[in-house]
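> Sharing a structure here in structure tokens format.
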Amino acid sequence: MSKVPVMEIFGPTIQGEGMVIGQKTMFVRTAGCDYSCAWCDSAFTWDGSGKDLIKQMQAEEIWDELVRLGGNGFSFVTLSGGNPALLKNLSFLVDLLKEKGIKIGLETQGSRWQDWFVDIDELTISPKPPSSKMNTDFDILDSIMQRLRDANRSNHMSLKVVVFSDEDYEYAKKVHLRYPDVPFFLQVGNDDNKTIDNAQLVQQLLTKYEWLIDKTMLDHEFKNVKVLPQLHTYIWGNKRGV
Ligand SMILES: C[S@@+](CC[C@H](N)C(=O)[O-])C[C@H]1O[C@@H](n2cnc3c(N)ncnc32)[C@H](O)[C@@H]1O
Ligand SMILES: Nc1nc2[nH]cc(C(=O)O)c2c(=O)[nH]1
Ligand code: SF4
Ligand SMILES: [Mg+2]
Numbered sequence: 001m002s003k004v005p006v007m008e009i010f011g012p013t014i015q016g017e018g019m020v021i022g023q024k025t026m027f028v029r030t031a032g033c034d035y036s037c038a039w040c041d042s043a044f045t046w047d048g049s050g051k052d053l054i055k056q057m058q059a060e061e062i063w064d065e066l067v068r069l070g071g072n073g074f075s076f077v078t079l080s081g082g083n084p085a086l087l088k089n090l091s092f093l094v095d096l097l098k099e100k101g102i103k104i105g106l107e108t109q110g111s112r113w114q115d116w117f118v119d120i121d122e123l124t125i126s127p128k129p130p131s132s133k134m135n136t137d138f139d140i141l142d143s144i145m146q147r148l149r150d151a152n153r154s155n156h157m158s159l160k161v162v163v164f165s166d167e168d169y170e171y172a173k174k175v176h177l178r179y180p181d182v183p184f185f186l187q188v189g190n191d192d193n194k195t196i197d198n199a200q201l202v203q204q205l206l207t208k209y210e211w212l213i214d215k216t217m218l219d220h221e222f223k224n225v226k227v228l229p230q231l232h233t234y235i236w237g238n239k240r241g242v
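Numbering (the UniProt record's numbering), first residue to last: 1 to 242.
Written out as structure tokens, the structure is:
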């Protein structure tokens, strides 16, 4: 059937990350991931802790929920997870959103390809650095980047690497230099993704943001790059569904 496992639908909120940071958007978060990043801030999508929240939904049901939450006050929907790229059937939702005139964003890590990627307006590929404990399959990543280029999607995609350490930073640079023409974003890692002490979290994140900016500004090999915070964490901390 044409259903997909949905973990949560929320919004309107702002896109807190990457190429369309600040964009008013709704979110559809799918369940399941082929990775298990050490610092995943959405581990409930894959570690079993959120399994009772998973709903198998048709595209029309997802649309109804988006409209129930957002009324006619939204024009952008971001698909995230988990890894939405595990789900061939998301093509039905992508088609429906296009039909409704809604712009679509996607967050994925670059481990899987889906044909519906070419219909995404703002596609973020976020390969994972060493601190995640995941290994990047660069053959797969190369083929995804090539397919997107071949489909003339270069203006609709970007790379985003989350950085927690010097080693992560070097990995990020390697990714950037491998695909130098693709818009590239560095993002501050949140290594305290359980705390409810927002004041302390923000202090910590600001310090790390300054560290990442300082490092990048002194680096002559990293030229055309944007250094961003994970904006929503500076506003809502680790709260879910925002
Ligand atoms: C939860 S993931 C879901 C989409 C997809 N699985 C991916 O990783 O790109 C969405 C984004 O959040 C980032 N992220 C996850 N945990 C984070 C953390 N603790 N600090 C900063 N960014 C994080 C990921 O790197 C990714 O760019
Ligand atoms: N506001 C907000 N922006 C986000 N950008 C990427 C998110 C994600 O979890 O994929 C996310 C999220 O969960 N909330
Ligand atoms: S790839 Fe994304 S959702 Fe999957 S574990 Fe890593 S950060 Fe979490
Ligand atoms: Mg998130």
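For every residue, glycine included, the Cβ atom is placed at its ideal position computed from N, Cα and C.
From a predicted model like this one, the values you see are computed outputs, not experimental measurements.
Which same chain residues, not among the five before or five after L86, have their C-beta less than 7 Å away from its C-beta?
Counting only Cβ-Cβ distances below 7 Å, and skipping sequence neighbours, we find G32, D34, R112.
> Would you check whether ligand 4 has a heavy atom nearer than 7 Å to the C-beta of S42?
Correct: S42 has its Cβ closer than 7 Å to ligand 4.
> Can the beta-carbon of V202 be found less than 8 Å from the beta-carbon of Y171?
For V202 and Y171, no; Cβs fall outside 8 Å.
> Report back the beta-carbon spacing between V161 and Q230 to the nearest angstrom; my notes put them in contact at under 8 Å.
Their Cβ separation, rounded to whole angstroms, is 12 Å, which puts V161 and Q230 out of contact at 8 Å.
> For K160, verify whether its CB is less than 7 Å away from any heavy atom of ligand 1.
Result yes, Cβ under 7 Å from ligand 1.
> In chain order, what are the residue ranges of uninterrupted alpha helix (DSSP H) at least 4 long that sit wholly in the segment 36 to 112?
Counting whole runs of 4 or more residues, the segment 36 to 112 contains the alpha helix (DSSP H) stretches 59 to 70, 90 to 99.
> For the beta strand (DSSP E) holding Q187, just list the boundary residues, first then last.
Segment 184 to 188, the beta strand (DSSP E) holding Q187.
> Taking the beta carbon of D47 as the centre, do at least 16 other beta carbons fall within 10 Å, making it buried, or is it exposed?
Label assigned to D47: exposed.
> Under three-state DSSP, which class holds M217?
Residue state, collapsed to three classes: helix.
> From T195 to H232, what does the alpha carbon distance come to, in whole angstroms?
Straight-line Cα distance between these residues: approximately 15 Å.
> Does the distance between the C-beta of I14 and the nearest non-hydrogen atom of ligand 2 fall short of 7 Å?
Yes, since a heavy atom of ligand 2 falls inside the 7 Å radius drawn around the Cβ of I14.
> Could you check the C-alpha separation between D41 and G101 for me, to the nearest Å?
Those two C-alpha atoms are separated by around 31 Å.
> Can you tell me the Cα-Cα spacing of T108 and G50, whole angstroms?
Their Cα atoms are separated by approximately 20 Å.
> Just to confirm, does E17 get its C-beta within under 7 Å of one of the non-hydrogen atoms of ligand 1?
Yes - ligand 1 has a heavy atom lying nearer than 7 Å to the Cβ of E17.
> Going by C-alpha distance, which of F222, R29, K208 is nearest P183?
Nearest of F222, R29, K208 to P183, Cα basis: F222.
> What does DSSP give as the partner residue(s) for I125 in the beta ladder?
In DSSP, I125 forms a bridge with T108, L159.
> So who's on the other strand from P229, going by DSSP bridges?
None, per the DSSP bridge assignment.
> Return the Cβ separation of V6 and T30 in integer angstroms, given the expectation that the two are a contact with Cβ distance under 8 Å.
About 6 Å; that satisfies the 8 Å criterion.
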